[in-house]
Amino acid sequence: MLATSFFGSIKMKFIIEKTLATGGRLGIISQANRQGNVTLETPMCTLFTKGGSAPHLSIDMLRRVAHVPEVAVMSLGALADHHETVAEFGKGLREFTAMSNPVIFTTLHDASAAISPGKNDNSGVAVWGKGGKIKLDTSLFMKIQESFCPDWFQAMSDGDTDVSCGNKRLVKSVDRTLDFLDEIVEAKNKSEVLSKSSLIGVIEGGFSETQRKRSAAETVARPVDGFLIEGFEKGNRDVDLFSLPDFTKILSFTLEHLPTDKPRIMETVWSPLQVIKAFKLGVDVFSSAYPHILTEKGLALVSDYSLPPLSQPAKLELQTANAKNEETNGLYIDLHNSRYSEDFGSILPGCSCYACTNFTRAYIHHLLKTKELLAFVLLTIHNFHQYFEFFQHLRLSLKSDRLNELEDYLSQQLNSGLDR
Amino acid sequence: MWKMATSKNSHALSLNILAKCSTSKARACAMTLPHAVVDTPVFMPVGTQGTLKGLVPDQLREMGCKIMLGNTYHLGNRPGPELLEKAGGLHNFMKWDRALLTDSGGFQMVSLLKLAEITEEGVKFQSPHDGSEMLLTPERSIEIQNSIGADIIMQLDDVVHSSVSGPRLEEAMHRTIRWLDRCIKAHRRPSEQCLFPIVQGGLNAELRKQCAHELVKRDVGGYAIGGLSGGEEKSEFWRMVKLSTDLLPDCKPRYLMGVGFAVDLVVCVALGCDMFDCVFPTRTARFGCALVKTGQLNLKSKIFAKDFRPIDSECQCSTCKTYNRAYLHTLANSEPAACNIITVHNVAYQLNLMSSMRQSIFEDKFPEFVQQFFTDMFPDGDYPDWTLQALASVNIHLR
Numbered sequence: 001m002l003a004t005s006f007f008g009s010i011k012m013k014f015i016i017e018k019t020l021a022t023g024g025r026l027g028i029i030s031q032a033n034r035q036g037n038v039t040l041e042t043p044m045c046t047l048f049t050k051g052g053s054a055p056h057l058s059i060d061m062l063r064r065v066a067h068v069p070e071v072a073v074m075s076l077g078a079l080a081d082h083h084e085t086v087a088e089f090g091k092g093l094r095e096f097t098a099m100s101n102p103v104i105f106t107t108l109h110d111a112s113a114a115i116s117p118g119k120n121d122n123s124g125v126a127v128w129g130k131g132g133k134i135k136l137d138t139s140l141f142m143k144i145q146e147s148f149c150p151d152w153f154q155a156m157s158d159g160d161t162d163v164s165c166g167n168k169r170l171v172k173s174v175d176r177t178l179d180f181l182d183e184i185v186e187a188k189n190k191s192e193v194l195s196k197s198s199l200i201g202v203i204e205g206g207f208s209e210t211q212r213k214r215s216a217a218e219t220v221a222r223p224v225d226g227f228l229i230e231g232f233e234k235g236n237r238d239v240d241l242f243s244l245p246d247f248t249k250i251l252s253f254t255l256e257h258l259p260t261d262k263p264r265i266m267e268t269v270w271s272p273l274q275v276i277k278a279f280k281l282g283v284d285v286f287s288s289a290y291p292h293i294l295t296e297k298g299l300a301l302v303s304d305y306s307l308p309p310l311s312q313p314a315k316l317e318l319q320t321a322n323a324k325n326e327e328t329n330g331l332y333i334d335l336h337n338s339r340y341s342e343d344f345g346s347i348l349p350g351c352s353c354y355a356c357t358n359f360t361r362a363y364i365h366h367l368l369k370t371k372e373l374l375a376f377v378l379l380t381i382h383n384f385h386q387y388f389e390f391f392q393h394l395r396l397s398l399k400s401d402r403l404n405e406l407e408d409y410l411s412q413q414l415n416s417g418l419d420r
Numbered sequence: 001m002w003k004m005a006t007s008k009n010s011h012a013l014s015l016n017i018l019a020k021c022s023t024s025k026a027r028a029c030a031m032t033l034p035h036a037v038v039d040t041p042v043f044m045p046v047g048t049q050g051t052l053k054g055l056v057p058d059q060l061r062e063m064g065c066k067i068m069l070g071n072t073y074h075l076g077n078r079p080g081p082e083l084l085e086k087a088g089g090l091h092n093f094m095k096w097d098r099a100l101l102t103d104s105g106g107f108q109m110v111s112l113l114k115l116a117e118i119t120e121e122g123v124k125f126q127s128p129h130d131g132s133e134m135l136l137t138p139e140r141s142i143e144i145q146n147s148i149g150a151d152i153i154m155q156l157d158d159v160v161h162s163s164v165s166g167p168r169l170e171e172a173m174h175r176t177i178r179w180l181d182r183c184i185k186a187h188r189r190p191s192e193q194c195l196f197p198i199v200q201g202g203l204n205a206e207l208r209k210q211c212a213h214e215l216v217k218r219d220v221g222g223y224a225i226g227g228l229s230g231g232e233e234k235s236e237f238w239r240m241v242k243l244s245t246d247l248l249p250d251c252k253p254r255y256l257m258g259v260g261f262a263v264d265l266v267v268c269v270a271l272g273c274d275m276f277d278c279v280f281p282t283r284t285a286r287f288g289c290a291l292v293k294t295g296q297l298n299l300k301s302k303i304f305a306k307d308f309r310p311i312d313s314e315c316q317c318s319t320c321k322t323y324n325r326a327y328l329h330t331l332a333n334s335e336p337a338a339c340n341i342i343t344v345h346n347v348a349y350q351l352n353l354m355s356s357m358r359q360s361i362f363e364d365k366f367p368e369f370v371q372q373f374f375t376d377m378f379p380d381g382d383y384p385d386w387t388l389q390a391l392a393s394v395n396i397h398l399r
């Protein structure tokens, strides 16, 4: 086994319970970490955070959200500047940020934001914080990880590539990422603090099968505990990757070159339907930046993810609620719209989230119009709740072999919204 | 001789004085309103537009908040009185089941709108939305406040800046009384909403006296002291407060409008005020400032970058039980969540300050409380002169 660190890391285990013909897997990640034994069911999403906090929510408010993911993703951009503080604090990022998620996963970039490209070179990569660019080399990167003590950490990577990148750029991206990984593996092996942390290798290669294959093969040969697949876009650019001609083919090709016994992670901003598409190809772990992005736009998720017959009453109610609504696309509604100014129903009839059980569309419309902070608090709660619940339903549909039904049902909702 | 209220039940408010400080004019009361029994002295957080800056009502309930404010000017614009009536009032709209107080809208007219013009009819102003000319009369203010449905509503008053004196000030005082009578007449829901008149008269003792004398002739449930906290000299401020509380009847609550700095709260409780409101604690939170017994901490400042203590280790709020200053320092510079997190603490600070004062009044140890408060706030003993004078006027002598 390559994957045994000097200090004998307690490995992340990934057990597959079921594999679809298309490549999607129902699985369990289990791990003994600083918080004890952690068991995570996949497909799953992580908790998207800003500066180590759920966006707009204090811990007190986050407690009012059901099914909060066990894994909290904290990107280095907003936090790297504070690594000396966290080092002096001495108890890692989880306690510093007061988050109670059993798994803290440090990534490079804020999944909701675009990356300013062209700032990476052979010596390191740039991440972006409030104070601007922070240039990381592997030694600073590892110093930061040692002070943050994450449970999972993304290896440093040169991933600001997209469909427009030529072969030369992609080769460089793959090479640099592998060079960084070698340095990180070496440093990690010497680090007692990081002996219990899982290293997530990063797969690059843009839209080139050759480079994707090379990146996968070389990364697999190194002691990593899971894979983060990136390099399809330069951060979040509001592009539906599935609409790009080769994306599905390249992603599928990439996943085929990864071993089945480790989880695959993507940080892409994806709607539930897009999540299902990526899941079917074999992605296990997703970001929850999507509901955050909706929240920032004043949009609220209104899809029904439950499968018939459970879904019927809520569905009927929702259809009535949205009957006069030309704005909905079937997946979300825009609460800025003045049509909601006198709508005293909940955001989504039948939704059990804290926002829906207490407040009305009319009230949230008023909060948005008056630019009140509470609008974003309530939308965050609702959209998180819905997105987290979607993953519950996704797993349930897999367990009962009804994934296609769920996908069809979601597509129908999308189409019915557009037709209206 | 003014006439007593004809019936105890004629107002939507009753006051029960539970304890009086044997030294100063401070008192602890239970104020019964349609939606809550409010313990006084009380600080009322300001939820201008039907929300307290990022907090949900449950958070306020958990902190023990019993009454908060809404602003008639803002709510009258958005969402508007018609919508609020359809929603079943502001309580229902914002899901706050405890007490509410609304102002008259007059203050915002004059302070926010450059082109406001005051006539006997009302306040004429240009709509900030479409520029059309609009008129806020005493009747209209009460009509809107009736739609909002707060437990306590305020009369429309003729607000002048505290630097104004002479005939304009005198006119404003008299007009305030005339407008009070129009407000009383226009009030449609007296058994559900208690209307407060406002003592005006600027910094002119004679006018304030006249105004207070006129107000106590009317049958009202409580009194507000207005026209202060507008940047006037503190030595004049406290004298006007004291003069007003001296003239207002003991059996009704006294609401000092727009006052909320900790030092002012402590002094004005000593002078006999029961109710206070101010945007400062929640506004300063959004700029990253946390209130503590020694003053305030600007959490954006680098000095907190490696300070791993909570904002206040004795505070029981969820913020102090959860977060350290160094982390809040990183958040305060970048994340909106920081606003909510610090707002929780600042509201808790204000509520704790009031309940500590109340407790000390029950124990008849209010002067000792005041001494300790000033020792914490001014450890070098450099108490502002006005506080020494104001407190001495009610027999509290700081060491």
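In order, the protein sequences belong to chains B and R.
The numbers in the UniProt record's numbering rise by one with no breaks, and the one at position 256 of the first sequence is 256.
The numbers in the UniProt record's numbering rise by one with no breaks, and the one at position 301 of the second sequence is 301.
Glycine residues also receive a C-beta, built at the ideal position from the N, C-alpha and C atoms.
Here the structure is a predicted model, which is why all the values come from computation and not from measurement.
When secondary structure is reduced to three states using DSSP, V220/R falls in the coil class, being assigned neither helix nor strand. Closer than 8 Å to the CB of L299/B there is not a single CB belonging to chain R.
Measuring C-alpha to C-alpha distances from A332/R to each of T375/R, F287/R, M354/R and Q371/R identifies F287/R as the nearest. Here P249/R is exposed: its Cβ has fewer than 16 other Cβ atoms, across all protein chains shown, within 10 Å. In terms of Cβ geometry, A19/R and A28/R form a close pair [threshold 8 Å]. Cβ-Cβ distances below 6 Å link A150/R to L100, L101 and T102 in the same chain, with the five nearest sequence neighbours on each side left out; the list follows chain order. In the three-state reduction of the DSSP assignment, Q211/B falls in the helix class, which pools H, G and I. By the beta-carbon neighbour count (other beta carbons within 10 angstroms, threshold 16), C251/R is exposed. Counting only the Cα atoms, K168/B lies some 11 Å from S208/B. Contact annotation: P263/B and G226/B have beta-carbon atoms nearer than 8 Å.
A residue is called buried once 16 or more other Cβ atoms fall within 10 Å of its Cβ, and T39/B, having fewer, is exposed. With a 10 Å radius around the Cβ and a threshold of 16 neighbouring Cβ atoms, D97/R comes out exposed. In the DSSP assignment, N120/B falls outside any alpha helix (DSSP H), carrying neither H nor E. A residue is called buried when at least 16 other Cβ atoms come within 10 angstroms of its Cβ; H213/R does not meet this threshold and is exposed.
In its chain, beyond the 5 residues on either side, F14 have a beta carbon closer than 7 Å to the beta carbon of D261/B. Close CB contacts of G122/R within its chain, under the 6 Å cut and outside five residues either way in sequence, are with L135, L136 and T137 (chain order). Among the CB atoms of chain B, one or more fall inside 8 Å of the CB of E335/R. From the beta-carbon of A78/B, the residues of chain R found nearer than 7 Å are S334. In this structure, L379/B sits away from A289/B, with a CB-CB distance that is not shorter than 8 Å. V56/R and A338/R have their C-alpha atoms roughly 15 Å apart. Across the structure, K213/B and A66/B are spaced so that their CA atoms are roughly 39 Å apart. Put simply, the CB of L348/B is far from chain R, with every gap to its CB atoms at 8 Å or more. Your pair S197/B and D151/B checks out as a contact, with CB atoms roughly 6 Å apart and the cut at 8 Å. For the stretch 41-58 of chain B, the set of residues with a beta-carbon nearer than 9 Å to any beta-carbon of chain R comprises K50, G51, G52, S53, A54, P55, H56, L57 and S58, in chain order. Taking a C-beta distance under 8 Å as the contact criterion, M63/R and V347/R qualify as a contact pair. About 4 Å separates the beta carbons of L47/B and A72/B, which is inside the 8 Å limit, making them a contact pair. The secondary-structure analysis by DSSP pairs V127/B across a beta bridge with I134/B. Secondary structure remark: continuous alpha helix (DSSP H) runs of at least 4 residues inside the stretch 191-249 of chain R, in chain order: 205-216 and 234-247.
Note on the stretch 78-127 of chain R: whole beta strand (DSSP E) runs with a minimum of 3 residues are 99-102 and 123-126, in chain order. Listed in chain order, the alpha helix (DSSP H) runs fully inside the stretch 132-186 of chain R are 138-148 and 167-186, counting runs of at least 4 residues. Under the three-state reduction of DSSP, T360/B is assigned to coil, being neither helix nor strand. Among the CB atoms of chain B, none fall inside 8 Å of the CB of M173/R. In the assembly as shown, K50/B is a buried residue. Its beta-carbon has 16 or more other beta-carbons within 10 Å. The alpha-carbon separation between I177/R and L52/R amounts to approximately 32 Å. Taking a 10 Å sphere around the C-beta of N395/R, we find fewer than 16 other C-beta atoms and assign the residue as exposed. Distances from the alpha-carbon of V103/B to those of K130/B, Q31/B, V125/B and S195/B put Q31/B closest.
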